[in-house]
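Notes for the one structure printed next.
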Amino acid sequence: MAERSAKKRFALVWIYCPMESVKRMQLILLTSVALLSLGSGPQLSAQTPAATQAAALGKNLQDVYLYWRNAMMTKNYASWKQATASHRKISLQNRILSEKGQFPVDIFKTPTPPPALTGLKMLRARSKGATAKLVYFGKVDFGVGGNPTNNLLVLNFVLEGRGWKYDNAEFVNLSGLKEVRQQIEAGKMDYVDGEAFIPDGVKPIQPIVVRPAKYITKVYAFCPGREVQVSVNNISKHRFQDTQQAEVVIGGGRDGMNDIWFSIKDLPDYKGDDPLTLRVYVFSQVNGVQPVKVFQYQTKKGEKPKSTSSERFMIDAATAAKVLGRK
């Protein structure tokens, strides 16, 4: 169970907030992973040139995030565009257009503001190839009230041209990992030195640019103990792990036949036989019109799901008329 809890620790990915670098900084791209440990106090200034480079990396990446955050808070599209990683800009544009929203206005319509770094402690700054990560610990505040507890905030960056740009953020909720929280509070950093917190050096692939969707479409998964990967029309890619969740289909559904591919596998240590459900819904923007289910794959308790399958679903004239409010 501990492994499954750890796999679910990344509770929030900042999809609507591409926070990035805008200052045309002259940076030395480290060929190996640069590691900054802020917890050694005055000893930091007396460390090796590599540690000095790592400290500079940490400051530069933090400046990138703060610039991006200011662009978000002030709704400054020019600064946001300059600061955001190119693949994230396209991904965000695709998502907004797939929800029939308005780009770039909807960039700034976020459920919560990007968190400030005030009061957070930088634990690690690492780079590898064209990717980098900052790891913070403390009371991460999303401005929704309550009393934040000590958790982790991971900021991801991509090197483009001569400077770092912000990619996304991951909020690591330690509520279910209290021992880890206590270890970090005591200065033991084994957890944040794990593979999940180390940049992989792989530059994200540029997504294709999609047109505004005709139909808002979502893929829904209920998959206790399993990982489900889904591809719709070979454009919209999804991964669900031990969750009950729906995600927007990038590009939306199409008139006529649509392709869907999925794979299912048990997560490590899962021994159950829970039912599993995978569905696709088409949504209406007309008040009172319910979503239309256009695809379903479902298993009963005790039934072994398919490991992989390629199937199709139809958005026919009747479905189109209903969701578009024509009858």
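Quick note: the sequence shown uses my numbering, first residue 188, plus one each step.
Where a beta carbon is used, it is the ideal one built from N, C-alpha and C, also for glycine.
- In this structure, DSSP gives residue 254 a helical state, which the three-state scheme calls helix.
- For the pair residue 422 and residue 287, the CB atoms are not nearer than the 7 Å cut-off.
- Judged by DSSP in its simplified three-state form, residue 285 adopts helix.
- For residue 314 and residue 326, the gap between their C-alpha atoms comes out near 25 Å.
- In this structure, DSSP gives residue 457 a state outside helix and strand, which the three-state scheme calls coil.
- In the structure shown, residue 384 falls within a helical segment according to DSSP collapsed to helix, strand and coil.
- When DSSP states are grouped into helix, strand and coil, residue 272 belongs to the coil group.
- In the same chain as residue 466, and ignoring 5 residues on each side of it, the C-beta atoms closer than 7 Å to its own belong to 407, 480, 482, 483, in chain order.
- Membership of residue 502 in any alpha helix (DSSP H) is not indicated; the residue belongs instead to the beta strand (DSSP E) covering 495-502.
- Only residues of its own chain outside the window of five on either side were considered, and among them 302, 303, 335 have a CB closer than 7 Å to the CB of residue 328, listed in chain order.
- Per DSSP, residue 357 lies in no alpha helix (DSSP H) segment; the continuous beta strand (DSSP E) that holds it begins and ends at 350-359.
- Contact between the segment 431-441 and the segment 386-404 is present, with at least three C-beta pairs closer than 8 Å.
- Taking one beta carbon from each stretch, the segment 360-377 and the segment 416-431 have fewer than 3 pairs nearer than 8 Å; the two do not touch.
- Rounded to whole angstroms, the separation of the alpha carbons of residue 491 and residue 262 is 49 Å.
- Going by beta carbons, residue 241 and residue 317 fall outside the 7 Å limit.
- For residue 399, same chain residues with a beta-carbon under 6 Å away, outside a window of 5 residues either side, are 284 in chain order.
- Sixteen is the threshold: since fewer than 16 other Cβ atoms of the shown chains lie within 10 Å of the Cβ of residue 392, the residue is exposed.
- Taking the Cα of residue 409 as reference, the smallest distance to any Cα among 473, 487, 295 is reached at 487.
- Spanning the alpha carbons of residue 368 and residue 428 requires a straight line of approximately 23 Å.
- Residue 394 is a Cβ neighbour of residue 277, given a cutoff of 7 Å.
- The C-beta separation of residue 337 from residue 358 comes to about 12 Å, leaving the pair out of contact by the 8 Å criterion.
- Around the C-beta of residue 235, fewer than 16 other C-beta atoms lie within 10 Å, and the residue is accordingly described as exposed.
- Between the alpha carbons of residue 496 and residue 472 lies a gap of roughly 31 Å.
- Distance between residue 272 and residue 243, taken at the CA atoms: about 20 Å.
- For the options 475, 443, 347, 450, the alpha carbon positioned closest to that of residue 501 is the one of 443.
- Here residue 503 is exposed. Its C-beta has fewer than 16 other C-beta atoms within 10 Å.
- Straight across, the Cα-Cα distance linking residue 290 with residue 459 is about 44 Å.
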